[in-house]
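> Please find one structure pasted underneath; my questions will follow.
2 protein chains.
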Amino acid sequence: MELHEAKDKFIQAWGAFGSQWGINRSMAQVHALLLVSPEPLSTEDVMEQLNISRGNANMNLRALIDWHLVDRILKAGERREFFQAEKDVWKVATHITRERKKRELEPMVRFLGELKQTSGTNAETKAFKQMAADLHDLTGRIDAVLERSTRSDVQWFLKAASTLLR
Amino acid sequence: MELHEAKDKFIQAWGAFGSQWGINRSMAQVHALLLVSPEPLSTEDVMEQLNISRGNANMNLRALIDWHLVDRILKAGERREFFQAEKDVWKVATHITRERKKRELEPMVRFLGELKQTSGTNAETKAFKQMAADLHDLTGRIDAVLERSTRSDVQWFLKAASTLLR
DNA sequence: TTGAACTTCCAAAATATACTGAAAGTATAA
DNA sequence: TTATACTTTCAGTATATTTTGGAAGTTCAA
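So the protein sequences, as listed, match chains A and B. Just so you know, the first sequence maps onto residues 11 to 176 in this note's numbering. Just so you know, the second sequence maps onto residues 11 to 176 in this note's numbering.
Here's what the structure looks like:
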């Protein structure tokens with residue numbers, strides 16, 4: 011497979027993969043494009059290479075910066091900004107994990123905790139509270155594992171875990 | 011909080027949470043409804059309680075059965091089918107994890123493996139192949155951890171992991 | 001202070017996704 | 001075999017999300 015073809019397929023695949031996980035296709039594609047570009051790209055470059063509008067490119071670049079997946083680069087003598095993806099995939103995974111954990115998982119854990127205080131003592135209420143408690147426990151454990159696995163040394167964790175459990 | 015209110019909030023929250031992770035809102039809500047219902051429900055019950063159409067209820071119930079999250083129940087003397095959610099949240103988590111791993115993660119790991127064979131030896135190609143290799147390694151490790159953690163004894167794994175890493 | 005080069009915003013349009021409801025299909029009992 | 005009770009399908013509709021492109025905003029050099 012040629013480099014150009016491989017990059018292209020990667021951008022498509024990353025976009026499709028992202029959208030299965032609730033990340034919009036363009037954002038994932040912009041990210042993929044920057045991942046495979048050796049040099050930082052300008053907004054214009056992104057627009058051209060992905061055939062998307064200025065507004066769309068801008069919005070997704072900002073979102074990626076917000077997620078710490080992309081850095082703004084200023085070149086001497088150039089007014090416009092360039093964008094460069096973080097290439098260390100472990101760092102990328104860590105940032106994505108921590109952000110989604112904070113934005114989505116933690117609020118759910120909190121909510122499930124509140125449900126455990128539902129009033130009532132009849133069988134149906136008890137069953138509901140048990141379900142909420144189990145789910146709270148489960149999500150709490152997942153949260154804890156993710157917290158640990160992204161704290162300081164991701165690589166060590168995944169290596170250790172996959173070895174330990176062999 | 012009253013039982014009825016708590017159930018309702020749970021259904022809404024589960025729907026919203028699901029859609030953040032690429033699962034459609036109705037499917038997540040049907041699942042939540044069945045999770046909080048002590049008795050199996052009929053298609054009609056689901057339609058009424060969630061205010062959705064017959065087609066929608068049917069489609070999502072089938073999808074949930076397909077994901078092994080819901081069982082069809084036949085009651086003696088009743089012609090219609092009833093539906094009951096698997097209430098063991100560890101089992102639920104295991105099924106969801108394994109299904110998504112199989113449908114989404116594994117194909118991506120395979121694809122990244124293929125990218126490593128991109129032809130070319132110049133700096134840009136090398137950098138690309140390195141990136142693909144890193145991503146392949148990362149997703150492969152995640153895959154391995156998920157495989158282990160859902161194999162036979164989930165509870166043991168998460169307990170062990172969260173203790174080990176304290 | 002102006003104008004050029006660039007970024008950001010946002011209402012409207014396009015697209016993708018989900019939902020509806022009626023009709024067709026299927027199984028069972030009489 | 002027919003009527004009935006239920007399930008499934010699917011074309012059309014509705015809703016939600018994403019994208020566009022022009023206008024407004026910003027920055028900076030002259």
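Idealized CB from N, CA, C, for every residue including glycine.
At the level of alpha carbons, what is the spacing between K1 of chain A and R120 of chain A?
No information on residue 1 of chain A is available, as it lies outside the stretch 11 to 176 that chain A covers here.
> Out of curiosity, what's the CA-to-CA distance linking Q22 of chain B and E15 of chain A?
By one-based count along the second sequence, residue 22 of chain B stands at place 12. By one-based count along the first sequence, residue 15 of chain A stands at place 5. Rounded to the nearest angstrom, the gap between the Cα atoms of Q22 of chain B and E15 of chain A is 43 Å.
> What span of residues does the alpha helix (DSSP H) with E116 of chain B cover, start to end?
As a first step, residue 116 of chain B must be located in the second sequence, where it is residue number 106. Its alpha helix (DSSP H) spans residues 116-125.
> Using beta carbons (cut-off 8 Å, strictly below), is W31 of chain B in contact with chain A?
Along the second sequence, one-based indexing puts residue 31 of chain B at 21. Yes, its Cβ sits closer than 8 Å to a Cβ of chain A.
> What does the Cβ neighbour count give for S159 of chain B, buried or exposed, with the cut at 16 atoms within 10 Å?
Translated into the one-based positions of the second sequence, residue 159 of chain B becomes position 149. With 16 or more Cβ atoms within 10 Å of its Cβ, S159 of chain B is classed as buried.
> Please work out which residues of its chain come closer than 6 Å, Cβ to Cβ, to A143 of chain A, disregarding the five sequence neighbours upstream and downstream, and give them in chain order.
Here residue 143 of chain A corresponds to residue number 133 of the first sequence, with the count starting at 1. Hits under 6 Å: K126.
> For T131 of chain B, is the classification buried or exposed, using 16 other Cβ atoms within 10 angstroms of its Cβ as the cut-off for buried?
Locating residue 131 of chain B in the second sequence gives position 121, counting from the first residue. Exposed.
> List, in order along the chain, the chain A residues whose C-beta lies closer than 8 Å to that of P48 of chain B?
Here residue 48 of chain B refers to the residue found at position 38 of the second sequence. Correct list: A133, E134, A137.
> Which residue marks the beginning of the alpha helix (DSSP H) containing L156 of chain B, and which one marks its end?
Within the second sequence, numbered from 1, the residue matching residue 156 of chain B stands at position 146. 133-160 is the extent of the alpha helix (DSSP H) around L156 of chain B.
> Taking the DSSP output, what are the residues bridged to F93 of chain A?
Translated into positions along the first sequence, residue 93 of chain A becomes position 83. Its beta-bridge partners are A:L51, A:R82.
> Applying the 10 Å Cβ sphere with the 16-neighbour rule, what's the burial state of N70 of chain A?
On the first sequence, residue 70 of chain A is found 60 positions in, with the first residue counted as 1. Counting Cβ neighbours within 10 Å, N70 of chain A comes out buried, since at least 16 surround it.
> Between which two residues does the alpha helix (DSSP H) containing I106 of chain A stretch?
The residue you call residue 106 of chain A lines up with position 96 of the first sequence. Residues 99-110.
> Mind checking if V200 of chain B is an interface residue toward chain A, Cβ cutoff 8 Å exclusive?
Since the first residue of chain B shown is 11 and the last is 176, residue 200 of chain B is not available in this structure.
> Counting beta carbon pairs with one atom in the stretch 74-85 of chain A and one in the stretch 57-65 of chain A, are three or more of them shorter than 8 Å?
no
> Does K169 of chain B come out as helix, strand or coil in the three-state DSSP assignment?
As a working note, residue 169 of chain B is residue 159 in the second sequence. Caution is warranted here: a pLDDT of 49 is assigned to K169 of chain B, below 50, making its placement in the model unreliable, and the coordinate value is therefore given only provisionally. In the three-state reduction of the DSSP assignment, K169 of chain B falls in the helix class, which pools H, G and I.
> Is the separation between the beta-carbon of D153 of chain A and that of E109 of chain A shorter than 8 Å?
Taking the first residue of the first sequence as 1, we reach residue 153 of chain A at position 143. Taking the first residue of the first sequence as 1, we reach residue 109 of chain A at position 99. No, Cβ-Cβ distance for D153 of chain A and E109 of chain A is not below 8 Å.
> I want to verify the contact list: residues of chain A whose CB lies under 8 Å from the CB of A23 of chain B, in sequence order.
Position 13 of the second sequence, counted from the first residue, corresponds to residue 23 of chain B. The contacting residues are M118, F121.
> Anything in chain B within Cβ reach of E114 of chain A, meaning under 8 Å, just list it in chain order.
Translated into positions along the first sequence, residue 114 of chain A becomes position 104. The answer, in chain order, is F27, Q30, W31.
> For the alpha helix (DSSP H) containing M69 of chain A, list its first residue and its last residue.
Translated into the one-based positions of the first sequence, residue 69 of chain A becomes position 59. Note, M69 of chain A: alpha helix (DSSP H), 64-76.
> List, in order along the chain, the chain B residues whose C-beta lies closer than 8 Å to that of S63 of chain A?
Working through the first sequence from its first residue, we reach residue 63 of chain A at position 53. Correct list: empty, because the minimum Cβ distance to chain B is about 25 Å.
> Could you tell me the alpha carbon to alpha carbon distance between E12 of chain A and D18 of chain A, rounded to whole angstroms?
Position 2 of the first sequence, counted from the start, is the residue given in the question as residue 12 of chain A. Position 8 of the first sequence, counted from the start, is the residue given in the question as residue 18 of chain A. Cα to Cα, E12 of chain A sits roughly 10 Å from D18 of chain A.
> Of all the options A:P50, A:A73, A:G123, which has the alpha carbon lying nearest to the alpha carbon of R90 of chain A?
Along the first sequence, one-based indexing puts residue 90 of chain A at 80. Minimum Cα distance to R90 of chain A is reached at A:P50.
> What does M69 of chain A touch in chain B if you count any residue whose Cβ is under 8 Å from its own?
Translated into the one-based positions of the first sequence, residue 69 of chain A becomes position 59. Those do not exist, as M69 of chain A stays about 19 Å from chain B at its closest Cβ, beyond 8 Å.
> Against chain A, does V40 of chain B count as a neighbour if the rule is that its beta carbon must be under 8 Å from one of theirs?
Sequence index remark: in the second sequence, residue 40 of chain B carries index 30 (1-based). Not closer than 8 Å to any Cβ of chain A, the Cβ of V40 of chain B fails to qualify, so no.
> Please determine, among B:G32, B:G123, B:L156, B:E114, the residue with the shortest C-alpha to C-alpha distance to H146 of chain B.
By 1-based counting over the second sequence, the position of residue 146 of chain B is 136. Closest option to H146 of chain B, Cα to Cα, is B:G123.
> Name the chain B residues that come within less than 9 Å of T128 of chain A, Cβ to Cβ?
Position 118 of the first sequence, counting from 1, holds the residue named residue 128 of chain A. Within chain B, the residues near T128 of chain A are M11, E12, L13, E15, A16, K17.
> Check each candidate in A:E54, A:Q59, A:Q30, A:E96 and name the one with the smallest Cα separation from L74 of chain A.
Here residue 74 of chain A is taken as the residue at index 64 of the first sequence, counted from 1. With respect to the C-alpha of L74 of chain A, the residue from A:E54, A:Q59, A:Q30, A:E96 having the closest C-alpha is A:E96.
> Between A:W24, A:G25, A:A26, A:I33, which lies nearest to E28 of chain B when the distance is taken from Cα to Cα?
Along the second sequence, read from residue 1 onward, the residue named residue 28 of chain B stands at position 18. Contrary to the premise, residue 28 of chain B reads as Gly rather than Glu in this sequence. Checking every option, the nearest Cα to that of G28 of chain B belongs to A:I33.
> Which first and last residues belong to the alpha helix (DSSP H) in which M11 of chain A is found?
For the purposes of this step, residue 11 of chain A is taken as residue 1 along the first sequence, with counting starting at 1. Here M11 of chain A belongs to no alpha helix (DSSP H), and DSSP marks it neither H nor E.
> Is F20 of chain A close to chain B, meaning its C-beta is less than 8 Å from at least one C-beta of that chain?
Within the first sequence, numbered from 1, the residue matching residue 20 of chain A stands at position 10. Chain B, which has a Cβ nearer than 8 Å to the Cβ of F20 of chain A, makes this yes.
> For M37 of chain A, return the contacting residues in chain B, with the cut-off set at a CB-CB distance below 9 Å.
Translated into positions along the first sequence, residue 37 of chain A becomes position 27. The contacting residues do not exist; M37 of chain A stays about 14 Å from chain B at best.
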